[in-house]
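**Student:** Residue numbers (UniProt numbering): 1 to 1180.
Think of the CB as a built atom: it goes at the ideal place given N, C-alpha and C, for glycine as much as any other residue.
Predicted model, so just to flag it, every value in this text is computed and none were measured.
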Amino acid sequence: MWSAPISMLIIAYFLYTEAGYAGLIGIAAVSVVVPIQSYTGKLSSKFRLQTAIKTDERVRLMDEIISGVQVIKMYAWEKPFCALIETARKLELQVVTKSAYIRGIYMTFNLFTTRMALYATLISILLFGNELSADKVFVFSSYFNILAHTMSGMFVRGFAEIAECIVAVRRLQHFLMYEEFQDNIYTSNNFTASLNGSINSVSKQVSNKTSKNDIPYIDDEIDSYENLDDSLEKRRHNGLIVVASDLLQNTANLMGEKKHSSMPIEEIYAIKMTNLTAKWEPSQSENTLESVNLEMQKGKIYAVIGMVGAGKSSFLSAILGEIDITEGHVKVNGSLSYAGQEAWVFGSTVRQNILFGQSYDRHRYQKVIKACSLSRDFKQFPQGDQTVVGERGSSLSGGQKARINLARSLYRQADIYLLDDPLSAVDTHVSKHLFEECMQRYLAGKTRILATHQLQYVKNVDAIILIDQGKVTVFSNFQDLLKQRPEYAELLAAESETNEDSSLEKSTMRRQFSSSSTRSRTPEASSGGTDDEEEDEDPQGLNDGLEGTSRGAVKGSLFIKYFQTGANLCLAFTLLLLFISTQFIASLNDYFVPILVSAEEMRHYYLIQAKSNITNDTLIENLDISSMYKYLYIYTIIVVGIFCIGITRSLSFYKVCILCSQKLHDMAFSALIRTGMRFFDINPSGRILNRFSKDMGAIDELLPKAILDAGQICMMMVGSLTVSCIINPLFLIPIIFLGTVFYWIRKVFLKTSKNIKRMEGITRSPVFTHLNATLNGLSTIRAYCAQDILKKEFDKLQDVHTSTVYMYVTASTAFGFSLDVFCFIFISVVTFSFLLLEQSFSGGEVGLAITQVMAMTGMIQWGMRQNAEVANQLMSVERVLEYTQVIPEPNLRDRGKFAKKTEKQIALPANAPKNWPTDGMIKFRSVYLKYVEEDPPVLKGLNLIINPGEKIGIVGRTGAGKSSLIAALFRLTKIEGVLEIDGIDTGSICLEDLRRNISIIPQDPVLFSGTLRRNLDPFNEFTDKAIWEVLEEVELKDAVVTAGTGLESRVLDRGSNYSVGQKQLVCLARAILRNNKILMLDEATANVDPQTDALIQHTIRKKFAKCTVLTIAHRLNTIMDSDKVLVMDKGRMAEFDHPYILLQNSYSQFKSLVKETDRAMYDQLVKVAKQSYIAKYGER
């Protein structure tokens, strides 16, 4: 940056001494171009920012789509989402195109500046009538070459880069300026005391201390620590050593024990809220929590209840300090542990998920496992608690995730436990076990705050906190609650009596847990097993990739493939012609200068001759300046031609590149969204996003730039060589020699650099995946104060990635250096050849040859580098092309615009008949289902018939294959056997029709960002009136109206501005809108309070009275009045009959399931079953 202006001044001085004002005119020409170029640099940085914003937007959409892909498939919504991404992409490319054009103009100037400056200088010398000689011209020429390189090349590029850099820094600054997370709420007792205390603390002392304030718990306290006695003994003996060595890990344990050691009597409260008002967004109109005043005492158990969206989770967030507190404050006395409502699991072993960075204490670990009834699940896992779970816990069922989440919070020893609805995701008997074992026994004597919808547990707590629209009321016991809120009485009778059954454990069919290869694939976050995360992508593709690259010959195929995607032959040929003609004119210009100079020298010579013998005046007339005009005209035309053709070439080239990358992206995305679910199970989202963010970015911006540079420079090289060789054919010999050497060096370099580049791609994915997992579990991580562990881990991944980048840079530099050495040798050879060879050359020719060769050397190096760069950037094309080839699901009608010709020939599956299915009769004939080819089937030989309009409840233990029934109905994976609906084999019709005609209310409701209307009706098939009616039926109308914008109200990323219950209601509204004959309910009542649950049940009974409804139940009361119950066991049908009949058989599995509830509930369930039976079949 600083050297360019200085060198410009020095050169200006030299030129002035040589050529007078003419020299300055040439300099002026350069200095006019530079500001223009700097301005383009500034513009390009502006566009860079816009591109960044648009790209972020597109990647966010992609992320949403990948996480909700199962839902998109089940609703057959691929089309609208393809369109959505396409628009996002178009917007992004508009900006990219602008910056590309600017770049094109800039490249043209590179060709043009030197030649124009030289042109200005020569012409002005002629017109001023100074003398012009070869030695001068070539000195000028080389000056201008240097100048062009520094000023129009480096200086301007520096401007652009600095501008871009500032943009990037600004974005970072904006990010760093966000509000920090403050943990100002912890007011804990002094730590030192607790350290000394904990070393000597013996349970007896504990009892003396505690007896003063909470007497009822003495027994519990000692009981619970008695079992720990041996471990305490050990700990006491080498207490000091422990403190010294494991201080870090033990901090948490000490925090737990601190409670016994130092207990000032005055602080009996655990949490105290004074006048607390809080909201999530400062801009929100109403507060999430309003003027809350309450004190929670130590060692008590509190239940937090309330409607969906009343603010239970927000209440816990306030204690954690995650929510913006506008006034008042929270005082927390003691350490916290937290289990979030949406279970968060990160990619690592199960044990690591539970320990979460703490030291492993076997005794305590076993107790926790037992309390959370995880031991049975561990037996199912292929490697017990050392099994690796995928990112987002892909291989776990819902209930397992919830329990692991709970176990993590129990294992951490704290004074206060915040549990956000951990019971809703599990079976009845499990949730009962969890409540008794975890809440009441294991955590006895700690402060427990439990947010829940399960009202039957409310009887057993010390106080009830009812949250309603952000207002908080505290009831000291259950009776008080019923006095003030009588509606809870009947809810309790109806609802929670029967509570839930049979697994939210969305036994994701124990998806991976066969000894399938998935496990070995999931990159392990902890053990740094990120070495070759991509090796598994599909061995086939990768081997091909390696084959192609190791020969240093990506060139052919990929390069052509890239252009084939967006351009036809005619276009490509035109481009090539433009490239060649540009270079031809530029070389012509170079070749014309010596002709001009020689002519002028001749004229000068004759002029002097003529002056010496003043005889014939006519001759002098001829030798006047005008004789040179025809040369000047030709020269001018050539210079203007360079500019015009150059600009056309650059712009048309960029247009084609943008077309190609648009097409590539759309192809990859439409292939991705049409592939089977299995693909998403194997590839973590970070890896898919990596392809669509970083690799697409490279294809958009870096690749065309590199290709244009490389193309232009190769052309220049050819041009210079031809010019030199026309003058002295002998030059061909060293050139051929040099060429081979260079090519060989490039080959060696490419071998390494390409693999380094690939390594860089591979090491980048884990960084993304890690970041993703961290952001999903942020509140959990903060509650556990585990920020540092994760920072370290992130730094580790980041370092690996950075080191690959560094390797890449150093390799390039070494490559450049070796090229330079050879160039130097070449120049010396050429220069000396002129001295040694006997032929006579005109000064002009010698000068030309030498300047050309010097320019040549710089170019060869740069050219080889750019050439290699193109090859490396084509790696990105390779990675994206790989995604265009994923296999689509069979039987799709809409195969996307880019289906390969071969696929087009396969006959399209039949369209479903109009209005099918009219009755809704479902027949399974020996249906087998497997998720992975090699695995044993998950559903084994199902044979059953479901008559039209029947209401079927499906129950079974975790992993019995309940959710696989859904997969089979929607054909999300391969099934063998025949599955008929209304007599039509679902395998013979196209998937869109099949999926459109079955409604589902999925287990985890998914909303997509956009408007509410788009979430309900992406195809715009319904009128606004219809949608409003539906919203009224599911009682969401008020919530939508208060938002102010009606159906156009924004849904934020993944529906984060709706509570879980409201999302369920939106899904219900979708199902009602579609009004299909078959409805699947997958545990739709998992995280919903009793009122909402009653509403959902009622709406379903009313709205879908004539439809076939399959309910995967986990609260038995929801299916007791169904027409039949299907009991699944290990993928087979165990029983299938009316619930009342099954209950008569004392050995039935169904009966044992019902018996696991408590006595009162059992009687009530039997009563309900009997009533429904009598209503249907009459008395017997």
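Between residue 277 and residue 1029, what straight-line distance do the alpha-carbon atoms span, to the nearest angstrom?
**Tutor:** For the purposes of this step, residue 277 is identified with residue 277 of the sequence shown, where counting begins at 1. For the purposes of this step, residue 1029 is identified with residue 1029 of the sequence shown, where counting begins at 1. So the two alpha carbons sit approximately 35 Å from each other.
**Student:** Using the DSSP secondary-structure output, state which residues sit across from residue 400 in a beta bridge.
**Tutor:** By 1-based counting over the sequence shown, the position of residue 400 is 400. DSSP, once it has assigned bridges, lists no residue as partnering residue 400.
**Student:** Based on the DSSP output, what are the partners of residue 329 in its beta bridges?
**Tutor:** As a position in the sequence shown, residue 329 is number 329, starting the count at 1. 274, per the DSSP bridge assignment.
**Student:** Give the DSSP-derived three-state secondary structure of residue 958 in the structure shown.
**Tutor:** By one-based count along the sequence shown, residue 958 stands at place 958. The answer is coil: DSSP assigns residue 958 none of H, G, I, E or B.
**Student:** Along the chain, where does the alpha helix (DSSP H) that runs through residue 1003 open and close?
**Tutor:** On the sequence shown, position 1003 is the one that residue 1003 refers to. Where residue 1003 is concerned, there is no enclosing alpha helix (DSSP H), given that its DSSP letter is neither H nor E.
**Student:** Would you say residue 828 and residue 745 are within 8 Å of each other, going by their C-beta atoms?
**Tutor:** As a position in the sequence shown, residue 828 is number 828, starting the count at 1. As a position in the sequence shown, residue 745 is number 745, starting the count at 1. It is not a contact, given that the beta carbons lie outside the stated cut-off.
**Student:** For residue 1069, which of helix, strand or coil comes out of DSSP?
**Tutor:** For this step, residue 1069 is matched to residue 1069 along the sequence shown. Residue state, collapsed to three classes: helix.
**Student:** Within the same chain, show all residues whose beta-carbon is closer than 8 Å to that of residue 760, passing over the 5 residues directly before and after it, in chain order.
**Tutor:** Your numbering for residue 760 matches position 760 in the sequence shown. Answer for residue 760: 801, 804, 805 and 808, listed in chain order.
**Student:** From what residue to what residue does the alpha helix (DSSP H) around residue 107 run?
**Tutor:** Position 107 of the sequence shown, counted from the start, is the residue given in the question as residue 107. Element bounds for residue 107: 78–128.
**Student:** From this set, 866, 784, 1173 and 1032, which residue's C-alpha is nearest residue 815's C-alpha?
**Tutor:** In the sequence shown, residue 815 corresponds to position 815, counting from 1. Minimum Cα distance to residue 815 is reached at 866.
**Student:** Residues bridged to residue 1043 by DSSP?
**Tutor:** The sequence position of residue 1043 within the sequence shown is 1043, counting from 1. None; residue 1043 has no bridge partner.
**Student:** Would you mind listing the beta strand (DSSP E) stretches within the stretch 1140–1179 that are 3+ residues and don't spill past its ends, in chain order?
**Tutor:** Qualifying beta strand (DSSP E) stretches: none in this window.
**Student:** Starting from residue 269, follow its DSSP beta bridges and name the residues at the other end.
**Tutor:** For the purposes of this step, residue 269 is identified with residue 269 of the sequence shown, where counting begins at 1. Looking at the DSSP assignment, residue 269 forms a beta bridge with 297.
**Student:** Is it the case that the CB of residue 443 approaches a heavy atom of the ligand SAM more closely than 7 Å?
**Tutor:** Ligands are entirely absent from the displayed structure, and the ligand SAM is therefore not among its contents.
**Student:** From what residue to what residue does the alpha helix (DSSP H) around residue 1132 run?
**Tutor:** Along the sequence shown, read from residue 1 onward, the residue named residue 1132 stands at position 1132. Premise fails: residue 1132 lies in the beta strand (DSSP E), 1132–1137, not in any alpha helix (DSSP H).
**Student:** Nearest CA to the CA of residue 118: which residue from 15, 98 and 82?
**Tutor:** Stepping through the sequence shown from its first residue, residue 118 is reached at position 118. Closest by alpha carbon: 15.
**Student:** Let me confirm a value: residue 284 is counted as buried when at least 16 other C-beta atoms fall within 10 Å, else exposed. Which label applies?
**Tutor:** Counted from its first residue, the sequence shown places residue 284 at position 284. Classification of residue 284: exposed, given that the 10 Å Cβ count is below 16.
**Student:** Figure out for me which residue from 356, 1036 and 351 has the closest Cα to the Cα of residue 383.
**Tutor:** On the sequence shown, position 383 is the one that residue 383 refers to. Comparing Cα-Cα distances from residue 383 to each of 356, 1036 and 351, the minimum goes to 351.
**Student:** With distance defined between alpha-carbon atoms, name the residue in 889, 661 and 58 nearest to residue 873.
**Tutor:** As a first step, residue 873 must be located in the sequence shown, where it is residue number 873. Ranking the options by Cα distance to residue 873, first place goes to 661.
**Student:** Go ahead and pull the three-state DSSP assignment for residue 39.
**Tutor:** Stepping through the sequence shown from its first residue, residue 39 is reached at position 39. Helix.
**Student:** Count the other CB atoms, across all protein chains shown, that sit within 10 Å of the CB of residue 9; report buried if there are 16 or more and exposed otherwise.
**Tutor:** In the sequence shown, the residue the question calls residue 9 occupies position 9. Residue 9 should be labelled exposed.
**Student:** What number of angstroms, rounded off, separates the C-alpha of residue 219 from the C-alpha of residue 444?
**Tutor:** If you number the sequence shown from 1, residue 219 lands on position 219. If you number the sequence shown from 1, residue 444 lands on position 444. Only weak support is given to the placement of residue 219: the predicted model assigns it a pLDDT of 36, under 50, and the question is left unresolved by the model.
**Student:** Check the C-beta distance from residue 928 over to residue 939 and give it rounded, since I have them as a contact under 8 Å.
**Tutor:** Start at 1 with the first residue of the sequence shown, and residue 928 comes out as number 928. Start at 1 with the first residue of the sequence shown, and residue 939 comes out as number 939. About 6 Å separates the two Cβ atoms, so the contact holds.
**Student:** What do you reckon, are the CB atoms on residue 996 and residue 76 nearer than 8 Å?
**Tutor:** As a first step, residue 996 must be located in the sequence shown, where it is residue number 996. As a first step, residue 76 must be located in the sequence shown, where it is residue number 76. Yes.
**Student:** Tell me the DSSP secondary structure of residue 933 in three-state form.
**Tutor:** The residue given as residue 933 occupies position 933 in the sequence shown. Of the three classes helix, strand and coil, the one that applies to residue 933 here is coil, per DSSP.
**Student:** Between residue 663 and the rest of its own chain, which residues show a CB-CB distance below 6 Å, the 5 nearest in sequence each way excluded?
**Tutor:** Locating residue 663 in the sequence shown gives position 663, counting from the first residue. Contacts found: 565 and 566.
**Student:** Rounded to whole angstroms, what's the CA-CA distance from residue 318 to residue 1056? Just pull it up for me.
**Tutor:** As a position in the sequence shown, residue 318 is number 318, starting the count at 1. As a position in the sequence shown, residue 1056 is number 1056, starting the count at 1. Taking the straight line from one Cα to the other gives about 18 Å.
**Student:** I'd like to check one pair, residue 846 with residue 834: are the Cβ atoms closer than 8 Å?
**Tutor:** Position 834 of the sequence shown, counted from the start, is the residue given in the question as residue 834. Position 846 of the sequence shown, counted from the start, is the residue given in the question as residue 846. It is a contact, given that the beta carbons lie within the stated cut-off.
**Student:** So the candidates are 562, 870, 427 and 1093; which of them puts its Cα closest to the Cα of residue 882?
**Tutor:** To locate residue 882, count along the sequence shown from 1; it is residue 882. The candidate whose alpha carbon is nearest that of residue 882 is 562.
**Student:** When the Cα of residue 121 is compared with those of 572, 752, 23 and 407, which residue comes out closest?
**Tutor:** Taking the first residue of the sequence shown as position 1, residue 121 is located at position 121. It is 23.
**Student:** Would residue 922 and residue 946 be called neighbours here (beta carbons separated by less than 8 Å)?
**Tutor:** Your numbering for residue 922 matches position 922 in the sequence shown. Your numbering for residue 946 matches position 946 in the sequence shown. It is a contact, given that the beta carbons lie within the stated cut-off.
**Student:** Can you check which of these residues, 1158, 104, 114 and 450, is closest to residue 32 by C-alpha distance?
**Tutor:** Sequence index remark: in the sequence shown, residue 32 carries index 32 (1-based). Among 1158, 104, 114 and 450, the Cα nearest to that of residue 32 belongs to 114.
**Student:** Name the residue from 55, 768 and 86 whose alpha carbon lies nearest to the alpha carbon of residue 95.
**Tutor:** Looking up residue 95 in the sequence shown gives position 95. Cα-wise, what sits closest to residue 95 is 55.
**Student:** Within the same chain, show all residues whose beta-carbon is closer than 6 Å to that of residue 12, passing over the 5 residues directly before and after it, in chain order.
**Tutor:** Taking the sequence shown and counting its residues from 1, one reaches residue 12 at position 12. Once the five neighbours on either side are set aside, the close Cβ partners of residue 12 are 27.
**Student:** Of the residues 634, 409, 825 and 178, which one's Cα is nearest the Cα of residue 784?
**Tutor:** To locate residue 784, count along the sequence shown from 1; it is residue 784. If we check each option's Cα against that of residue 784, 409 comes out closest.
**Student:** Would residue 1135 be called buried (16 or more neighbouring beta carbons within 10 Å of its own) or exposed?
**Tutor:** Start at 1 with the first residue of the sequence shown, and residue 1135 comes out as number 1135. Buried: at least 16 other Cβ atoms inside 10 Å.
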